[in-house]
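Reading through the structure tokens given below for one structure.
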Amino acid sequence: MGTDIHGFIEVRDEFIDLSEPEDDDPWLRWHPAGALDHYYDSRSYLAFDCLFGVRGGSFEPLAAGRGFPDDASRAVTRAFREEGLDAHSPSWISWAEIESAVWDEPAELTAHWHPFEYRREPGGDWVLYGWGTSLERLAELTGTSLKTVAYAGKHWPEGTEWLDGDRLFRIARLTRRHAVTDAEWGDVWTVMRTLARRHGPDRVRLVVWFDN
Numbered sequence: 035m036g037t038d039i040h041g042f043i044e045v046r047d048e049f050i051d052l053s054e055p056e057d058d059d060p061w062l063r064w065h066p067a068g069a070l071d072h073y074y075d076s077r078s079y080l081a082f083d084c085l086f087g088v089r090g091g092s093f094e095p096l097a098a099g100r101g102f103p104d105d106a107s108r109a110v111t112r113a114f115r116e117e118g119l120d121a122h123s124p125s126w127i128s129w130a131e132i133e134s135a136v137w138d139e140p141a142e143l144t145a146h147w148h149p150f151e152y153r154r155e156p157g158g159d160w161v162l163y164g165w166g167t168s169l170e171r172l173a174e175l176t177g178t179s180l181k182t183v184a185y186a187g188k189h190w191p192e193g194t195e196w197l198d199g200d201r202l203f204r205i206a207r208l209t210r211r212h213a214v215t216d217a218e219w220g221d222v223w224t225v226m227r228t229l230a231r232r233h234g235p236d237r238v239r240l241v242v243w244f245d246n
């Protein structure tokens, strides 16, 4: 059974939200700035694990198990409650935390199961091509089976490398940037970054929950 993410971007500000009939309180509080579904339409278990510790356990997550915030906006609270028993693993993360995270550090707790493949650019730099790729060639280089090299991280220690001309195979750990890609999450970050410039990074957050 698959797991999907739901949630809202919220901003903490002082204004009257006319979409909320009971909103006559001008004091500083959280307001919904947009449903996550408007900006994210994927299902990446690597990202769910890396960000919120859901569907994985191989990462040190940034914001796992925080629960649903007591001070969430009315609209977000209603949306969460309407999910009923289907909703699980609620949490939240501020833009300040996202912005300060070290996205290029190895974030997996152990070496990734699949071998990384790097290819040399014309300038000489090694660029990540993918993981679990060109397995037939790696099997030739190691003199082992496809099944063995497909899960090379279980058989060789982290840092093991095989050089093959302008191609390099390595046993390594995924970084947070590998797990939470800009291709999938870039629109979410753009909205939060824009709001943070106006209201401050601690006054913008992503509130989420999951269902199966």
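For the sequence shown, position 111 (counting from the first letter as 1) is numbered 145 according to the numbering used here, and the numbering increases by one without interruption. The beta carbon of each residue, even a glycine, is placed where N, CA and C say it ideally should be.
Sequence-distant residues of the same chain with beta carbon closer than 6 Å to residue i, five excluded per side
i, result
"Pro124", "Gly101, Phe102 and Trp243"
"Ser168", "Glu151"
"Arg239", "Glu44, Trp126 and Ser128"
"Trp137", "Arg210 and Arg211"
"Gly166", "His148"
"Asp196", "Checking the displayed sequence, the identity of residue 196 turns out to be Trp instead of Asp. If we look at Trp196 and ignore the five residues flanking it on each side, its Cβ neighbours are Leu175 and Phe203."
"His122", "Phe244"
"Gly158", "none"
Reference residue i; option with closest CA among the options
i, options, result
"Trp223", "Glu155, Thr182 and Gly68", "Gly68"
"Ala97", "Arg204, Gly36, Thr194 and Ala135", "Ala135"
"Pro95", "Trp126, Tyr163 and Arg237", "Trp126"
"Trp107", "Leu143, Trp64 and His148", "Strictly speaking, residue 107 in this sequence is Ser, with Trp absent from that position. Measuring from the Cα of Ser107, the nearest candidate turns out to be Trp64."
"Asp200", "Tyr163, His233, Glu192 and Glu218", "Tyr163"
"His148", "Leu175, Trp129, Thr182 and Arg227", "Thr182"
"Gly187", "Arg171, Glu170, Leu208 and Asp198", "Leu208"
"Leu70", "Arg115, Asp221 and Ala230", "Asp221"
"Pro140", "Gly193, Arg237 and Arg231", "Gly193"
Spatial neighbours of residue i in its chain, beta-carbon cut-off 8 Å, leaving aside the 5 residues before and after
i, result
"Thr37", "Arg77, Tyr79, Phe82, Val88, Arg89, Phe244, Asp245 and Asn246"
"His233", "Val45, Arg46 and Asp47"
"Pro191", "Ala145 and Ile205"
"Ala113", "His40, Phe42 and Ala69"
"Asp105", "Arg63 and Trp64"
"Glu218", "Tyr74, Ser76, Ser78 and Ala81"
"Asp117", "What sits at residue 117 in the sequence shown is Glu, not Asp. His40, Trp243 and Asp245, listed in sequence order."
Sequence-distant residues of the same chain with beta carbon closer than 7 Å to residue i, five excluded per side
i, result
"Val161", "Tyr152, Arg153 and Glu155"
"Val214", "Ala81, Cys84 and Leu85"
"Ser179", "Ala173"
"Tyr73", "Asp221, Val222 and Val225"
"Glu133", "Pro235"
Reduced DSSP category for residue i - H, G, I as helix; E, B as strand; rest coil
i, result
"Gly99", "coil"
"Leu62", "coil"
"Lys117", "Reading the sequence as shown, one finds Glu at residue 117 and not Lys. DSSP places Glu117 in helix when its eight states are reduced to three."
"Gly220", "helix"
"Arg77", "coil"
"Glu44", "strand"
"Phe49", "coil"
"Ser134", "helix"
"Arg89", "coil"
"Asp236", "helix"
"Ala106", "coil"
Whole-number beta carbon distance between residue j and residue i, since they are thought to touch under 8 Å
i, j, result
"Pro235", "Ala130", "4 Å"
"Gly41", "Val241", "5 Å"
"Glu142", "Phe203", "Between Phe203 and Glu142 the Cβ distance is about 17 Å, and since that is not below 8 Å, they are no contact."
"Leu175", "Asp198", "6 Å"
Original post:
Which whole runs of the alpha helix (DSSP H) in the stretch 138 to 218 are 4 residues long or more, in chain order?
Top reply: As far as the stretch 138 to 218 is concerned, its whole alpha helix (DSSP H) runs of at least 4 residues are 169 to 176, 180 to 184 and 210 to 213.
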